[in-house]
Amino acid sequence: MTSGANDKILLAVTGWDPEVWQTEFAKAAPGRKLVLDANTDKEKIRYALVWKQRQGSLAGLPNLEVIFSLGAGVDHVFHDQQIPDVPIVRIVSPDLTMRMSEYVVWQVLDHQRLGLRYREQQRQRVWREDRRQPAAHEVTVGILGLGVLGRDAAQKLRMLGFRVSGWSRRLQTIEGVTTYFGKDGLRDFLKDVDIVVCLLPLTPDTKGILSMTMFAQMKAEGPLGAPTLINAGRGGLQNEPDILAALDRGMLSVVTLDVFNKEPLPKDSPLWTHPQVMLTPHAAASSSPQALVPEIVAQIESYERGEPLKNIVDRAAQY
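Residues in the sequence shown are numbered consecutively from 10, following our numbering.
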């Protein structure tokens, strides 16, 4: 493929300041025009950068060739029922991967070292160390989803001495990590985990997977008590009433949630005030224009040299 002097790139986003992306694109590719209005010279638009784009905002672009998702997940792209039949590319960035691994390691260590318990003791001005903190090698961390993010997090946790297992739809092999796959493998995976980290994509098959059905398959007791849940994937993966019920019944001991069914989380949600819940505002691995724009520009340039696109989304699987 070759680029034309008048080719344009559409930025179709909601919830983000477009000026930041425009500024970074001007630095990385000063010869390319980033536009916000698809109705202006729509026949000149060859690429689209999207994040929760409005319904139909990509329709009617006769020369659109590639859609780039400005996030690790792509479920937001498929909310639009008028997606053109062109390749959709996921963002895979070292910056994004490292940010997610930092978040996972932070939360795993916090739960292993009884962080919520000690913060509550601080609030109450209570000095008490009457519960042993298990060593990392005594704790099994299970990662749901072994894509780029899951694999990197697994390797970082292994370096800290945790026993690590992982589950994915298809068989994966990671040195030092016990891996499972498929429906039968999920049952075996759940039997031995102390901390479950969910990094799954949101697809029709994974929607609501973090539910009472799953929690009932997990072991009742381990070195941290009942299992711990960390979800930094997508809000649609979790059944929030089931999570609260599992906490109240002692099926889960503590949970960290970075994502929710409705965002921002409604102020009347009981998750805000539950003493065994740690919340973060979808901040585990925020997309940074400064880090992602050069990756996108490099993809466009390699594509125009005739090289194949990387990280193309499987439309049938939706990830």
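We treat Cβ as the ideally placed atom computed from N, Cα and C, and that holds for glycine.
Q) For phenylalanine 224, which of helix, strand or coil comes out of DSSP? A) Residue 224 sits at position 215 when you count from the first residue of the sequence shown. Residue state for phenylalanine 224 is assigned as helix, using DSSP reduced to three classes.
Q: Return the first residue and the last residue of the alpha helix (DSSP H) that serine 78 is part of.
A: In the sequence shown, counting from the first residue as 1, residue 78 sits at position 69. Segment 75-78 is the beta strand (DSSP E) holding serine 78; no alpha helix (DSSP H) there.
Q) So is glycine 65 buried or exposed if we call it buried at 16+ other beta carbons inside 10 Å? A) Indexing the sequence shown from 1 puts residue 65 at position 56. It is exposed - the Cβ of glycine 65 has fewer than 16 other Cβ atoms within 10 Å.
Q. Going by DSSP, what residues sit across from alanine 57 in a beta bridge?
A. To locate residue 57, count along the sequence shown from 1; it is residue 48. Residue pairing by DSSP places alanine 57 opposite Leu19, Ile76 in a beta bridge.
Q.
Tell me whether the region 251-259 and the region 73-92 touch, counting them as touching only if at least three CB pairs, one residue from each stretch, are closer than 8 angstroms.
A. No: the two stretches stay apart, fewer than three of their Cβ pairs being nearer than 8 angstroms.
**Q.** Of the residues Val322, Gln164, Gly151, the one placed nearest valine 206, counting alpha carbons only
**A.** Against the sequence shown, residue 206 aligns to sequence position 197. It is Gly151.
Q. Hey, how far is the Cα of arginine 63 from the Cα of leucine 180?
A. Start at 1 with the first residue of the sequence shown, and residue 63 comes out as number 54. Start at 1 with the first residue of the sequence shown, and residue 180 comes out as number 171. Distance from the CA of arginine 63 to the CA of leucine 180, rounded to the nearest whole angstrom, comes to 36 angstroms.
Q: Take serine 295 as the anchor and find which of Ser110, Leu195, Gly69, Leu125 has the nearest alpha-carbon.
A: If you number the sequence shown from 1, residue 295 lands on position 286. When only C-alpha atoms are compared, the closest one is Ser110.
Q. Would a C-beta distance cut-off of 8 angstroms place valine 101 and valine 59 closer than the cut-off?
A. The count along the sequence shown starts at 1 and reaches residue 101 at position 92. The count along the sequence shown starts at 1 and reaches residue 59 at position 50. At a Cβ-Cβ threshold of 8 angstroms, valine 101 and valine 59 do not count as neighbours.
Q. Buried or exposed: where does lysine 42 fall if 16 or more other Cβ atoms within 10 Å of its Cβ makes it buried?
A. As a first step, residue 42 is located in the sequence shown; it is residue number 33 there, counting from the start. Within 10 angstroms of the beta-carbon of lysine 42 lie 16 or more other beta-carbons, which makes it buried.
**Q.** Rounded C-alpha distance that separates glutamate 129 from glycine 245
**A.** Here residue 129 corresponds to residue number 120 of the sequence shown, with the count starting at 1. Here residue 245 corresponds to residue number 236 of the sequence shown, with the count starting at 1. Taking the straight line joining both Cα atoms gives about 29 angstroms.
Q | Alpha-carbon spacing of serine 177 relative to leucine 195, whole angstroms | A | For the purposes of this step, residue 177 is taken as residue 168 along the sequence shown, with counting starting at 1. For the purposes of this step, residue 195 is taken as residue 186 along the sequence shown, with counting starting at 1. Distance between the alpha carbons of serine 177 and leucine 195 is about 8 angstroms.
(Q) I need the straight-line Cα distance from phenylalanine 190 to isoleucine 305, nearest angstrom please. (A) Mapped onto the sequence shown, residue 190 falls at position 181. Mapped onto the sequence shown, residue 305 falls at position 296. A direct Cα-to-Cα measurement between phenylalanine 190 and isoleucine 305 gives close to 32 angstroms.
Q) Helix, strand or coil for lysine 36 per DSSP? A) As a position in the sequence shown, residue 36 is number 27, starting the count at 1. DSSP, reduced to helix, strand and coil, places lysine 36 within a helical segment of the structure shown.
Q) DSSP three-state call for leucine 318: helix, strand or coil? A) Position 309 of the sequence shown holds residue 318. In the three-state scheme derived from DSSP, where H, G and I count as helix and E and B as strand, leucine 318 is classed as coil.
Q: Report the three-state DSSP secondary structure of lysine 216 (helix, strand or coil).
A: As a working mapping, residue 216 is identified with position 207 in the sequence shown. DSSP places lysine 216 in coil when its eight states are reduced to three.
Q: Go through its chain and collect everything with a Cβ distance to glutamine 327's Cβ below 6 angstroms, but skip five positions before and after it.
A: Counted from its first residue, the sequence shown places residue 327 at position 318. Closer than 6 angstroms at Cβ, skipping near neighbours: Phe87, Thr212.
**Q.** Residue interval of the beta strand (DSSP E) (run including isoleucine 152)
**A.** Walking along the sequence shown from the start, residue 152 turns up at place 143. First-last of the beta strand (DSSP E) with isoleucine 152: 149-153.
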